[in-house]
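A.B. asks: Okay, handing you the structure first.
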Amino acid sequence: GAVVSQHPSRVICKSGTSVKIECRSLDFQATTMFWYRQFPKKSLMLMATSNEGSKATYEQGVEKDKFLINHASLTLSTLTVTSAHPEDSSFYICSAQIGTSGTKTQYFGPGTRLLVL
Amino acid sequence: SQQGEEDPQALSIQEGENATMNCSYKTSINNLQWYRQNSGRGLVHLILIRSNEREKHSGRLRVTLDTSKKSSSLLITASRAADTASYFCATETSGSRLTFGEGTQLTVNP
Chain A
1 GAVVSQHPSR VICKSGTSVK IECRSLDFQA TTMFWYRQFP KKSLMLMATS
51 NEGSKATYEQ GVEKDKFLIN HASLTLSTLT VTSAHPEDSS FYICSAQIGT
101 SGTKTQYFGP GTRLLVL
Chain B
1 SQQGEEDPQA LSIQEGENAT MNCSYKTSIN NLQWYRQNSG RGLVHLILIR
51 SNEREKHSGR LRVTLDTSKK SSSLLITASR AADTASYFCA TETSGSRLTF
101 GEGTQLTVNP
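Going down the list, the sequences are from chains A and B.
When you line the first sequence up against our numbering, it's residues 1 to 117, in that order.
When you line the second sequence up against our numbering, it's residues 1 to 110, in that order.
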């Protein structure tokens, strides 16, 4: 099956620093990747849709300057949390989509737990 | 408006029993999907049901979809302790966007 990896799986950083999270599709190419955020015991909230070679589309209320997304290749998208603050602490999950028309399936990464001190 | 509300929020059953989780949504959808998430892990895709389908089976899973009521149910038969996880429904609308429900935490007691 399609495998998506995320790195790092867990990161602790100081307030004010920036953190980069990588999302890779290991055995397929993904023109579209998605970034989600999940609070404890809560649902996943879509943050942005990342398309290879173009600017990401952010959901309402998500600051694009705060959460920088780069989809530089068909197998890699990165999310950078800039000037992180404790309220940015969360579980960040990416997904990579197979298919561009008809049935499209998202495969999810294992998630990255971010703790900002 | 919130899409994909689920009930119950938590369900505790004994091994061998069936577990039923429900999901309601508000807007028109292309399809509805069910995912499983073990604590602190990523999501595993379980099953997808298209808007023109009413029922679908996969192993011990049975999903129904009622577009007139904008609701879906996930039935897990003959549950096992290993089925303990959070289960989320997600509706796909235009642009392949998935909107997730709040999830049901299922605990299967051995």
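C-beta: ideal position from N, C-alpha, C; glycine also.
Are A/S18 and A/A84 close, meaning C-beta to C-beta below 8 angstroms?
C.D. replies: Position 18 of the first sequence, counted from the first residue, corresponds to residue 18 of chain A. Position 84 of the first sequence, counted from the first residue, corresponds to residue 84 of chain A. The answer is yes: Cβ separation under 8 angstroms.
A.B. asks: Taking A/R24 as the reference, give the member of A/P40, A/V11, A/V3 and A/K55 with the closest Cα.
C.D. replies: Taking the first residue of the first sequence as 1, we reach residue 24 of chain A at position 24. Comparing Cα-Cα distances from A/R24 to each of A/P40, A/V11, A/V3 and A/K55, the minimum goes to A/V3.
A.B. asks: Return the residues of the region 35-56 of chain B that lie within a Cβ-Cβ distance of less than 8 angstroms from chain A, sorted by chain order.
C.D. replies: Listed in sequence order: Y35, G40, R41, G42, L43, V44, H45 and L48.
A.B. asks: Helix or strand or just coil, what does DSSP make of A/A96?
C.D. replies: Along the first sequence, read from residue 1 onward, the residue named residue 96 of chain A stands at position 96. A/A96: strand per DSSP, three-state reduction.
A.B. asks: Strictly below 7 angstroms CB to CB, what residues from chain B border A/K104?
C.D. replies: Within the first sequence, numbered from 1, the residue matching residue 104 of chain A stands at position 104. By Cβ distance, chain B contributes S96.
A.B. asks: Do three or more CB pairs link the region 60-72 of chain B to the region 25-38 of chain B at distances below 8 angstroms?
C.D. replies: Verdict: yes, contact present.
A.B. asks: Under 8 angstroms by Cβ, that's how I've got A/K104 and B/S96 pegged, so tell me the actual separation to the nearest angstrom.
C.D. replies: For the purposes of this step, residue 104 of chain A is taken as residue 104 along the first sequence, with counting starting at 1. For the purposes of this step, residue 96 of chain B is taken as residue 96 along the second sequence, with counting starting at 1. So it is a contact: roughly 5 angstroms between Cβ atoms.
A.B. asks: Is DSSP giving A/E87 helix, strand or coil here?
C.D. replies: Taking the first residue of the first sequence as position 1, residue 87 of chain A is located at position 87. It is helical.
A.B. asks: Hey, A/E52 and A/H71: beta-carbon distance below 8 angstroms or not?
C.D. replies: Residue mapping note: residue 52 of chain A aligns to position 52 of the first sequence, counting from 1. Residue mapping note: residue 71 of chain A aligns to position 71 of the first sequence, counting from 1. Result yes, Cβ atoms of A/E52 and A/H71 sit closer than 8 angstroms.
A.B. asks: Span of the beta strand (DSSP E) holding B/S96?
C.D. replies: By one-based count along the second sequence, residue 96 of chain B stands at place 96. Premise fails: B/S96 is in no beta strand (DSSP E) and is neither H nor E.
A.B. asks: Sort out for me which residues DSSP pairs B/I29 with in a bridge.
C.D. replies: Translated into the one-based positions of the second sequence, residue 29 of chain B becomes position 29. Bridge partners of B/I29: none, in fact.
A.B. asks: Could you tell me how far apart the beta carbons of A/E22 and A/Q6 are, in whole angstroms, since I believe they sit closer than 8 angstroms?
C.D. replies: Along the first sequence, one-based indexing puts residue 22 of chain A at 22. Along the first sequence, one-based indexing puts residue 6 of chain A at 6. With a Cβ gap of about 7 angstroms, A/E22 and A/Q6 count as contacting.
A.B. asks: Measuring CB to CB, does B/A78 end up less than 8 angstroms from B/G40?
C.D. replies: Numbered from its first residue, the second sequence carries residue 78 of chain B at position 78. Numbered from its first residue, the second sequence carries residue 40 of chain B at position 40. In this structure, B/G40 does not lie closer than 8 angstroms to B/A78 by Cβ.
A.B. asks: Which class does A/D65 belong to by DSSP, given the choice of helix, strand or coil?
C.D. replies: As a working mapping, residue 65 of chain A is identified with position 65 in the first sequence. If DSSP states are grouped into helix, strand and coil, A/D65 belongs with coil.
A.B. asks: Using the Cα positions of B/Q9 and A/A96, report the straight-line distance between them to the nearest angstrom.
C.D. replies: The residue you call residue 9 of chain B lines up with position 9 of the second sequence. The residue you call residue 96 of chain A lines up with position 96 of the first sequence. Near 28 angstroms, if we compare the C-alpha coordinates of A/A96 and B/Q9.
A.B. asks: Is B/E102 close to chain A, meaning its C-beta is less than 8 angstroms from at least one C-beta of that chain?
C.D. replies: Residue 102 of chain B sits at position 102 when you count from the first residue of the second sequence. B/E102 counts as touching chain A.
A.B. asks: Taking all protein chains shown into account, decide if B/A81 is buried (16 or more other Cβ within 10 angstroms of its Cβ) or exposed.
C.D. replies: Walking along the second sequence from the start, residue 81 of chain B turns up at place 81. With fewer than 16 Cβ atoms within 10 Å of its Cβ, B/A81 is classed as exposed.
A.B. asks: Just the chain B side, please: which residues come within less than 8 angstroms of A/T32 by C-beta, in chain order?
C.D. replies: The sequence position of residue 32 of chain A within the first sequence is 32, counting from 1. Neighbours of A/T32 on chain B, chain order: S96.
A.B. asks: Can you tell me where the beta strand (DSSP E) with B/R62 in it begins and where it stops?
C.D. replies: On the second sequence, position 62 is the one that residue 62 of chain B refers to. Start and end: L61 to D66.
A.B. asks: Which chain B residues sit within Cβ distance under 8 angstroms of A/F108?
C.D. replies: Counting from one through the first sequence, the residue named residue 108 of chain A turns up at place 108. Correct list: Y35, G42, L43, V44 and H45.
A.B. asks: If the criterion is Cβ atoms closer than 8 angstroms, does the pair A/A30 and A/I98 meet it?
C.D. replies: Position 30 of the first sequence, counting from 1, holds the residue named residue 30 of chain A. Position 98 of the first sequence, counting from 1, holds the residue named residue 98 of chain A. Contact: yes.
A.B. asks: Suppose the cutoff is 7 angstroms on Cβ atoms and the five residues either side in sequence are ignored; what does the same chain contact list for A/T57 look like?
C.D. replies: In the first sequence, the residue the question calls residue 57 of chain A occupies position 57. Correct list, in chain order: A48 and T49.
A.B. asks: So, using beta-carbon positions, are A/L68 and A/W35 closer together than 8 angstroms?
C.D. replies: Your numbering for residue 68 of chain A matches position 68 in the first sequence. Your numbering for residue 35 of chain A matches position 35 in the first sequence. No, the pair does not count as a contact, with Cβ atoms beyond the cut-off.
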